[in-house]
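Here this note's numbering = 1-based position in the sequence shown + 516. Yeah, the Cβ is synthetic: ideal placement off N, Cα and C, and Gly gets one too. Just so we're clear, the structure is a prediction, and the values are computed from it rather than from any experiment. The structure under discussion appears below in the form of structure tokens.
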Amino acid sequence: MTAMKRDERVLIVEDNPLIAAAIEKAGQRLNLRTDVATDGWDAIEKLQNESYAAIVIDTDLPRHSGYGVLTYLREENGDHLENVILMTSSDQQFTEHLRVIAKTTVVEEIAAAVSSAFEAEE
């Protein structure tokens, strides 16, 4: 995979520190700046204060679910959620507007999904 040249910011919303760290490391290899939110409310606070080129969200979060974060995003951005990657323990796709990845997916596949989200914009 070719490293991205832009210094983009990505929000990782994941309560498991090992998974969050693995996604962060993959983002660093793509020259992405990453922020981590460990629960839904922390994610919403970060989204209110920062602008993110992409968001990777776990669906099962403490204090406010990933679906709650998606609801917030939809209220703020309408249906423009192209760069949201939803991680779930299920392979079921919830909407055709989101990239949905099973949490058992290897980190390289998550990094590839983030990278392809940026390439689709160009």
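One or two residues paired with residue i in a DSSP bridge
i      : result
Thr550 : Val526
Straight-line Cα distance separating residue j from residue i
i      : j      : result
Arg525 : Val600 : 13 Å
Asp607 : Glu566 : Note on Asp607: pLDDT 49, under 50, position unreliable in the model; the coordinate value appears next. Those two C-alpha atoms are separated by around 30 Å.
Asn532 : Thr554 : 8 Å
Ala627 : Leu527 : 13 Å
Pro578 : Glu530 : 10 Å
Lys541 : Ser631 : 14 Å
Ser534 : Glu591 : A small correction: the amino acid at residue 534 is Leu; Ser does not occupy that position in the sequence shown. Going by the C-alpha atoms only, they are around 30 Å apart.
Arg549 : Thr587 : 24 Å
Arg545 : Glu625 : 13 Å
Supposed close pair residue i, residue j - CB separation, criterion 8 Å
i      : j      : result
Gly556 : Ser581 : 6 Å
Val663 : Ile539 : For residue 663 there is no data in the structure shown, the boundaries of the chain being 517 and 638.
Ala647 : Val552 : No statement about residue 647 is possible, as the shown extent of the chain runs from 517 to 638 and does not include it.
Asp574 : Met603 : 5 Å
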